[in-house]
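Novice: The sequence shown begins at 7 in my numbering and counts up by one.
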Amino acid sequence: LLSVKCLRNKPAYFAERLYKSMKGLGTDDNTLIRVMVSRSEIDMLDIRREFLTMYGKSLYSFIKGDCSGDYRKVLLKLCGGED
Numbered sequence: 007l008l009s010v011k012c013l014r015n016k017p018a019y020f021a022e023r024l025y026k027s028m029k030g031l032g033t034d035d036n037t038l039i040r041v042m043v044s045r046s047e048i049d050m051l052d053i054r055r056e057f058l059t060m061y062g063k064s065l066y067s068f069i070k071g072d073c074s075g076d077y078r079k080v081l082l083k084l085c086g087g088e089d
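#1: For Glu47 and Ile39, what's the separation of their Cα atoms in angstroms?
#2: What did DSSP end up calling Asp34 once you bin it into helix, strand or coil?
#3: Cutting at 7 Å between CB atoms, please list the residues of its own chain near Arg45, excluding the five before and the five after it.
#4: As a quick exercise: from Gly75, Ser74, Lys70, pick the residue whose alpha carbon is nearest that of Gly86.
#5: If you reduce the DSSP assignment to three classes, tell me which class Asp76 lands in.
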């Protein structure tokens with residue numbers, strides 16, 4: 007099922023992975039870091055756009071509200087900016 011989601015709409019698949027890694031209590035740091043680093047130079051703009059459409063909040067602001075310190079700074083740089 008995951009591979010079908012990924013094949014149909016890659017940005018939506020990764021937006022969902024990012025959302026699920028940060029929602030609720032605690033953060034799934036492994037997933038968050040893996041997706042942010044692996045997609046930052048490939049299709050992060052598309053993922054950011056899809057994240058905003060799907061969740062009504064920018065990926066940038068979601069990271070800003072969920073993470074802190076140098077960790078947040080690095081993730082925000084990888085994100086590339088506010089939408």
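Ideal Cβ positions, reconstructed from N, Cα and C, are used throughout, including at glycine.
Specialist: The short version:
#1: 14 Å
#2: coil
#3: Phe20, Ile53
#4: Lys70
#5: helix
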